[in-house]
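Trainee: Here the numbering used here is used: the first residue of the sequence shown is 1, the next is one more, and so on.
Note that beta-carbon positions come from the ideal geometry of N, C-alpha and C, so glycine has one too.
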Amino acid sequence: MPNILVSNDDGIFAPGLHALALQMTKLGKVWVVAPETNQSITGHKKTLDRPLRAKPIKDVFPAEIPAYAVDGAPSDCAALALMGLFEDIDFDFVVSGINTAPNMGQDLTYSGTVSVALEAAIFGKRAIAFSLVDLQPHGDYNEAAIVARQVTEQAISHEFPIHTILNVNIPHLPLNEIQGVRITKQGLRLYRDVLDRRIDPFGQPYYWIGGEAPSGDFEAEGTDMWAVHNGYVSVTPVHLDMTRHEFIAPLATWDFKVPEV
Ligand code: MN
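1) Please find out if some non-hydrogen atom of the ligand MN comes closer than 7 Å to the beta-carbon of Asp10.
2) Is DSSP giving Val194 helix, strand or coil here?
3) Below 7 Å CB to CB, which residues in the same chain sit around Gln23 once its five sequence neighbours on both sides are set aside?
4) With C-beta atoms as the reference, is Thr164 less than 8 Å away from Asp224?
5) Looking at the ligand MN, does it come within less than 7 Å of Thr113, judged from the CB to the closest heavy atom?
6) Can at least three beta-carbon pairs, one atom from the stretch 52-61 and one from the stretch 105-119, be found at a separation below 8 Å?
7) According to DSSP, simplified to helix, strand and coil, what is Leu82?
8) For Trp226, which of helix, strand or coil comes out of DSSP?
9) Is there at least one non-hydrogen atom of the ligand MN closer than 7 Å to the beta-carbon of Ser40?
10) Taking CB distances under 8 Å as the criterion, tell me whether Arg244 reaches chain C.
11) I'd like to confirm something about Asn230: is its beta-carbon nearer than 7 Å to some heavy atom of the ligand MN, or not?
12) Whole angstroms are fine: how far does the CA of Asn230 sit from the CA of Asn287?
13) Is the CB-CB distance between Gly28 and Pro62 below 8 Å?
14) Determine whether the beta carbon atoms of Ala101 and Phe91 lie at a separation below 8 Å.
15) Terminal residues of the continuous beta strand (DSSP E) containing Ile65?
16) Return the residue from the list Lys125, Ile128 and Ile170 that minimises the CA-CA distance to Asp140.
17) Could you tell me which residues DSSP pairs with Arg189 in its beta bridges?
18) Assign His245 to one of three DSSP states: helix, strand, or coil.
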């Protein structure tokens, strides 16, 4: 039985984490290490300027699932568990989610959910990030968790290339309305952020980044956004290598030089 670490960015009390952990008990022995508060959109972070504390959480998960709340980032939770929070446990697999919102296109660079999986990949572990499109925080994650279990089952029985994760987005549909599973690439998000400048009671300006929820190119076939928009589960292989390989050769023709003194 594999040892499975379950984490997220919505926090230890998020229903998506609970549903995912319960389904994972059907595949292996499960540990939960998750942020004590909502850490959505915090990206990939490593807390080095202060200690981290992991508090045991009782009565939220079944007794056979050890659960810890950490006062750090989602990626800190993965690092802590993989570096020996449970001294004698070597994890075989890491799953993150189920997030309350999609993680598609450029969202991946903001996502705490995806960062958990990327952190695990840095440690050489196989990892999957799961997100549900779209759902309110207190919605029902049970059917999405069943999908997550089937995807994880496949992932456990196959090899991953090094430094690669699976990023999975699940449409919020009843199981019998999901059209199937599509292997995809990242699509193109369209953010509609608007800067809202206000004045505080002391006459100083402050700023909110507001605006409508992001949109995106739902027509580009083969992308995560296209798949979910058409009722498919989207599975995207994501690499830690962010190099734009095809730009290396053109870039090498530029006239870079170290200035002479
Ligand atoms: Mn989140």
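Mentor: Reading from the atomic positions:
1) yes
2) strand
3) Correct list, in chain order: Ala145, Ile146, Ala148 and Arg149.
4) It is not a contact, given that the beta carbons lie outside the stated cut-off.
5) It does: the Cβ of Thr113 is within 7 Å (strictly closer) of some heavy atom of the ligand MN.
6) no
7) helix
8) Looking at Trp226 - three-state DSSP - the assignment turns out to be helix.
9) Ser40 Cβ: within cutoff of the ligand MN.
10) Among the protein chains of the structure shown there is no chain C, as only one such chain exists.
11) no
12) With the chain covering 1 to 261 only, the question about residue 287 has no answer from this structure.
13) no
14) no
15) That residue, Ile65, is in no beta strand (DSSP E); it is neither H nor E in DSSP.
16) Ile170
17) Gly216
18) helix
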